[in-house]
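Residue numbers (this note's numbering): 7 to 121. Even glycine gets a Cβ: it sits at the ideal position worked out from N, Cα and C. It should be emphasised that the depicted structure is a prediction, and the values quoted were computed from it without experimental measurement.
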Amino acid sequence: MSNKDLVEFFENETTRMVELMKKKNADYAGGDSDPFANFKRVGSFKSTTPEQGFFTRMTDKVSRIDSFIANGKLQVKDESVKDTLRDLANYSLLFMAYLESEQMRDNNERVQINS
């Protein structure tokens with residue numbers, strides 16, 4: 007694979023990941039204006055934090071990849087290794103976006119308190 011091919015691969019995959027994120031967010035957030043609603047909701051059900059929810063989902067995907075490496079195949083046929091890797095990448099970006107939104111919220115609260 008050349009550098010040009012690698013850049014094209016990244017562009018294609020990130021486009022696919024954005025489309026996948028849009029679809030899954032519509033399903034899981036249920037049209038809620040908060041894109042992290044599902045992670046916050048799970049936190050309230052299980053007395054965990056949204057951060058722990060992100061980490062759990064990411065760990066699930068890493069475990070699935072580990073199983074594939076060990077066995078050379080996956081048991082669930084409707085999700086490929088590529089799907090799992092895309093999910094892991096999307097969870098990483100969602101977690102990053104969540105942390106960013108929390109930092110922005112905290113900064114806004116500090117500004118309001120100090121005003």
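{"Check": "Nearest residue (CA-CA) to Asp89, options Thr20, Ser8, Asn9 and Lys10", "Outcome": "Thr20"}
{"Check": "Host alpha helix (DSSP H) of Gln58 (start-end)", "Outcome": "Pro56 to Asn77"}
{"Check": "Anticipated Cβ contact below 8 Å, Asn96 with Leu26, distance rounded", "Outcome": "6 Å"}
{"Check": "Leu26 CB to nearest heavy atom of the ligand COA below 6 Å", "Outcome": "The ligand COA is not part of this structure, which contains no ligands at all."}
{"Check": "Distance CB(Lys67)-CB(Pro56) smaller than 7 Å", "Outcome": "no"}
{"Check": "Burial state of Ile119 (16 or more Cβ within 10 Å)", "Outcome": "With a pLDDT of 49 at Ile119, under the threshold of 50, the modelled position of this residue cannot be trusted, and the question is left open."}
{"Check": "DSSP three-state assignment for Ser86, whether helix, strand or coil", "Outcome": "coil"}
{"Check": "Per-residue burial, Phe16 [other beta carbons within 10 Å of its own, 16 or more giving buried]", "Outcome": "exposed"}
{"Check": "Coil, strand or helix - Met7 by DSSP", "Outcome": "coil"}
{"Check": "For Phe42, three-class secondary structure by DSSP", "Outcome": "coil"}
{"Check": "Among Tyr104, Asp33, Ser98 and Asp40, the one whose alpha carbon lies nearest that of Arg63", "Outcome": "Ser98"}
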